[in-house]
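Undergrad: The numbering used here numbers the first residue of the sequence shown as 18 and each following residue consecutively.
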Amino acid sequence: MEQVGDILRRLGIPALPTAEDADEEDEAERCPLCGGSGWLRRDVPLDHPDFGRAIPCQCRETELAERRRARLERLSNLGPLTRLSFDTLIVDGRTPETAEHRHRFRQALAAAQEFAAEPAGWLVFVGPPGCGKTHLAAAVANARIARGEPALFVVVPDLLDHLRAAFGPTSDVSYDELFENVRSAPLLILDDLGTQSSTPWAREKLFQLLNARYNARLPTIVTTNCALDDLDERYRVRISDPEFGRVCHVQPPTSAVLERLGAAPPLSFDDFEPEGRCMDGRQKSSLRAAYEAAQDFAAQPEGWLVLLGTFGCGKTHLAAAIASALLAQNRAAPYVSVPDLLDHLRSTFAPDSKVTYDELFETIRTAPLLILDDLGTQSSTAWAQEKLYQLFNHRYNARLPTVVTTNLSLDELDQRLSSRLSDGKLSKVYEIYAPDYRRPGAPLRGGPVRRRAPGNMGGRS
Numbered sequence: 018m019e020q021v022g023d024i025l026r027r028l029g030i031p032a033l034p035t036a037e038d039a040d041e042e043d044e045a046e047r048c049p050l051c052g053g054s055g056w057l058r059r060d061v062p063l064d065h066p067d068f069g070r071a072i073p074c075q076c077r078e079t080e081l082a083e084r085r086r087a088r089l090e091r092l093s094n095l096g097p098l099t100r101l102s103f104d105t106l107i108v109d110g111r112t113p114e115t116a117e118h119r120h121r122f123r124q125a126l127a128a129a130q131e132f133a134a135e136p137a138g139w140l141v142f143v144g145p146p147g148c149g150k151t152h153l154a155a156a157v158a159n160a161r162i163a164r165g166e167p168a169l170f171v172v173v174p175d176l177l178d179h180l181r182a183a184f185g186p187t188s189d190v191s192y193d194e195l196f197e198n199v200r201s202a203p204l205l206i207l208d209d210l211g212t213q214s215s216t217p218w219a220r221e222k223l224f225q226l227l228n229a230r231y232n233a234r235l236p237t238i239v240t241t242n243c244a245l246d247d248l249d250e251r252y253r254v255r256i257s258d259p260e261f262g263r264v265c266h267v268q269p270p271t272s273a274v275l276e277r278l279g280a281a282p283p284l285s286f287d288d289f290e291p292e293g294r295c296m297d298g299r300q301k302s303s304l305r306a307a308y309e310a311a312q313d314f315a316a317q318p319e320g321w322l323v324l325l326g327t328f329g330c331g332k333t334h335l336a337a338a339i340a341s342a343l344l345a346q347n348r349a350a351p352y353v354s355v356p357d358l359l360d361h362l363r364s365t366f367a368p369d370s371k372v373t374y375d376e377l378f379e380t381i382r383t384a385p386l387l388i389l390d391d392l393g394t395q396s397s398t399a400w401a402q403e404k405l406y407q408l409f410n411h412r413y414n415a416r417l418p419t420v421v422t423t424n425l426s427l428d429e430l431d432q433r434l435s436s437r438l439s440d441g442k443l444s445k446v447y448e449i450y451a452p453d454y455r456r457p458g459a460p461l462r463g464g465p466v467r468r469r470a471p472g473n474m475g476g477r478s
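#1: Would you mind working out which of 440, 416, 306 and 403 sits nearest residue 259, comparing C-alpha positions?
#2: So residue 137 packs on residue 236, CB below 8 angstroms; how close in whole Å?
#3: Take residue 394 as the anchor and find which of 372, 357 and 384 has the nearest alpha-carbon.
#4: Looking at residue 130: is its Cβ nearer than 8 angstroms to the Cβ of residue 103?
#5: Judging by CA-CA distance, which residue of 232, 282, 161 and 287 is the nearest neighbour of residue 262?
#6: Which of the three DSSP states is assigned to residue 263 in this structure?
#7: Measure the CB-CB distance between residue 323 and residue 444 and report whether it falls below 8 angstroms.
#8: Alpha carbon to alpha carbon, what distance is there between residue 372 and residue 141?
#9: Determine the extent of the beta strand (DSSP E) in which residue 444 is found, giving its start and end residues.
#10: Answer with buried or exposed for residue 206, where buried requires no fewer than 16 other C-beta atoms within 10 angstroms of its C-beta.
#11: Can you look up residue 331 in the DSSP assignment and give me helix, strand or coil?
#12: Okay, do the segment 289-296 and the segment 164-179 touch, 3+ Cβ pairs below 8 angstroms being the bar?
#13: Looking only at DSSP bridge pairs, what is residue 139 linked to?
#14: Using the DSSP secondary-structure output, state which residues sit across from residue 321 in a beta bridge.
#15: Contact defined as beta carbons within less than 8 angstroms: I believe residue 303 pairs with residue 451. What is the distance between those atoms, to the nearest angstrom?
#16: Kindly indicate which residue of 98, 454, 182 and 118 has the alpha-carbon position closest to the one of residue 294.
#17: By the three-class DSSP mapping on this structure, what secondary structure does residue 172 have?
#18: Can you grab the Cα-Cα spacing for the pair residue 412 / residue 184, in whole Å?
#19: Determine the DSSP secondary structure at residue 96, reduced to helix, strand or coil.
#20: Could you give the first and the last residue of the continuous alpha helix (DSSP H) run that contains residue 436?
#21: Give every residue of the same chain whose Cβ lies closer than 8 angstroms to the Cβ of residue 267, excluding the five residues on either side of it in the sequence, and list them in chain order.
#22: Measuring alpha carbon to alpha carbon, tell me which of 360, 327 and 158 ends up nearest residue 238.
#23: Grouping DSSP H, G and I as helix and E and B as strand, with all else coil, what is residue 387?
#24: For residue 29, collect the residues of the same chain with a Cβ closer than 6 angstroms to its Cβ; drop the 5 residues on either side in sequence, then sort them by chain order.
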C-alpha cells in the first residue's frame, strides 16, 4: 500500500512535520553553547568564587536585551515613530533648496547625534512644520532605546489631554502618578511646544514641568514651530539658557524675510586697494591687516570681526566684499546698515506689513551669519538701544558669526555692546587708520581721534 507521505508528495502537498522532524528543528535552533538551557557553568578550580555558579549564556543576554528594548519601546510612547531613526533621515533635510538649508539641517543633525550619544542639558529644535525636527527628536529617543536606555516621547497637546483625563473617576492612573512619571523621566522629548491651547491651567502645568526639569538638570528635547519670543517668557528663559541648553534652527528663515533687508553694495576684494590713500606705515599696515582679516573671515566665517575707522576708510567696502564672497559660495550673508535695520523693524508694526516683527527679528537674530554696517549712526532711543542689545546678546551667547563696522571707538558705544564686541575669545577687532579715500582733496588723517578701548585691538585675538 502506498504511504500517505508518498501520496502527498505526488500531489505536490508538503507532508506534515513528524515528531522526529520537530526534534531535528529544535536541535538546529538550540544554542551551541548552552544547549538551549540559557545558562552555563565556568570551568574553574574548586576554590574559585564562580565554581558551581550558573551564569547567563550569551543567547540569554541577547534575549533579555531584546525584551528590555521591546519594553522600553512600549513605555516610550513613540508608537509608529519607532520607525524614525538616524538611518532613515535625509542628511540634507527635506527642503535642501540652498546651501544654507543644508548647512542648518546638518548642524541640527550633528547636535541630535551628539545628544543621543550622551544626553546632557536641553536641546531645542525650532522650525516650521515638515522641516524634520520631530524626526530628529524621535531618532534620539530610538537611539537611546537601542542602547537599553529609557526615553519618553510626548506631544504637548496630547500630554495635557492625558493629564486632564487623569482627573476622571474611570482613569487607570492618577494625575499625580502620571505627572510625576513625565516630570522625572530620565530623558523627555516634548514635541510641538506652543501648539497647545493657551489656558491658564495648561500654561501652569507646562511651567511646572519645564521648571522642575530645568532645576533638576534632566536631559530634555523640545521641538516647536514658534519663534522663541512667541513662547511664554517663563518657558523661553529656561529652554534657551545658553549655559544649559542648545537651540537649533532646523530651517533658515524664508528668503522673502531676508530680502527685506536689501542687498550688500556690489563690491568685492578684487576692486579693493589694500593701501588706499595711505601715506605712512601705520595707515598702510592697519588697512592691510583689516583686508587680510576680511578675506580670512570670508573663507571661514567664525566668531566676530569688528572693523573700526573713520568714514571712507574702507570698512564698509570690506564688509560688502565678505558678503559678495559668501554669496559666490552659495551661502546666505544678510547685510544691512544698523539704521536701516531698525527702520525695517519699526515698519513691521504697520497694519499692512507682510511680515511680523517677531518673524523679522528672529530671522536676523538667528541668521547663521550677519553683517551689520555703521553701528553707532542710528538714533539713540531707548527702544533702539534695547533692540540692539537683544540682537547682540543673542548672537554673542550663540557664538553666531557676525561682522560689525563702526566709526566710533568701543568706548563710545553702549557699554553692553562694547563689552561683547571686545571679548577676545570671540572677536577680532581691527582699527583702520586710513584716510577717507572718497575725498581726494581732504587732508590725510591718522584715523579718527578717539579714546582707545581696552581689550583686543589691532587684530590681536
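Glycine residues also receive a C-beta, built at the ideal position from the N, C-alpha and C atoms.
TA: In short, the structure shows the following:
#1: Mapped onto the sequence shown, residue 259 falls at position 242. Ranking the options by Cα distance to residue 259, first place goes to 416.
#2: Counting from one through the sequence shown, the residue named residue 137 turns up at place 120. Counting from one through the sequence shown, the residue named residue 236 turns up at place 219. Rounded, the Cβ-Cβ distance is 6 angstroms, consistent with contact.
#3: Position 377 of the sequence shown holds residue 394. It is 357.
#4: If you number the sequence shown from 1, residue 130 lands on position 113. If you number the sequence shown from 1, residue 103 lands on position 86. In contact: residue 130 and residue 103 (Cβ atoms closer than 8 angstroms).
#5: Your numbering for residue 262 matches position 245 in the sequence shown. Measuring from the Cα of residue 262, the nearest candidate turns out to be 232.
#6: One-based indexing of the sequence shown puts residue 263 at position 246. In this structure, residue 263 counts as strand in the three-state DSSP scheme.
#7: For this step, residue 323 is matched to residue 306 along the sequence shown. For this step, residue 444 is matched to residue 427 along the sequence shown. In contact: residue 323 and residue 444 (Cβ atoms closer than 8 angstroms).
#8: Mapped onto the sequence shown, residue 141 falls at position 124. Mapped onto the sequence shown, residue 372 falls at position 355. Taking the straight line from one Cα to the other gives about 24 angstroms.
#9: One-based indexing of the sequence shown puts residue 444 at position 427. Unbroken beta strand (DSSP E) run through residue 444: 444-449.
#10: For the purposes of this step, residue 206 is taken as the residue at position 189 of the sequence shown. Answer is buried; the Cβ neighbour count reaches 16.
#11: Locating residue 331 in the sequence shown gives position 314, counting from the first residue. Coil, per DSSP.
#12: no
#13: As a position in the sequence shown, residue 139 is number 122, starting the count at 1. Beta-bridge pairing links residue 139 to 237 and 262.
#14: The count along the sequence shown starts at 1 and reaches residue 321 at position 304. Paired residues: 419 and 444.
#15: Numbered from 1 along the sequence shown, position 286 holds the residue referred to as residue 303. Numbered from 1 along the sequence shown, position 434 holds the residue referred to as residue 451. The Cβ separation is near 7 angstroms, so the contact holds.
#16: Counted from its first residue, the sequence shown places residue 294 at position 277. The shortest Cα separation from residue 294 among 98, 454, 182 and 118 belongs to 454.
#17: Position 155 of the sequence shown, counted from the start, is the residue given in the question as residue 172. Residue state, collapsed to three classes: strand.
#18: Sequence index remark: in the sequence shown, residue 412 carries index 395 (1-based). Sequence index remark: in the sequence shown, residue 184 carries index 167 (1-based). Straight-line Cα distance between these residues: approximately 44 angstroms.
#19: Looking up residue 96 in the sequence shown gives position 79. Residue state, collapsed to three classes: helix.
#20: Position 419 of the sequence shown holds residue 436. Looking at the DSSP string, the run of the alpha helix (DSSP H) that includes residue 436 is 432-438.
#21: By one-based count along the sequence shown, residue 267 stands at place 250. 110, 121, 122, 125, 142, 143, 144, 148, 149, 150 and 153.
#22: Mapped onto the sequence shown, residue 238 falls at position 221. Of the candidates 360, 327 and 158, the one whose C-alpha sits nearest the C-alpha of residue 238 is 158.
#23: For the purposes of this step, residue 387 is taken as residue 370 along the sequence shown, with counting starting at 1. Of the three classes helix, strand and coil, the one that applies to residue 387 here is strand, per DSSP.
#24: Sequence index remark: in the sequence shown, residue 29 carries index 12 (1-based). Residue placement at residue 29 is flagged as unreliable, the pLDDT there being 49, under the threshold of 50; the coordinate-derived value follows with that caveat. Answer for residue 29: no residue qualifies.
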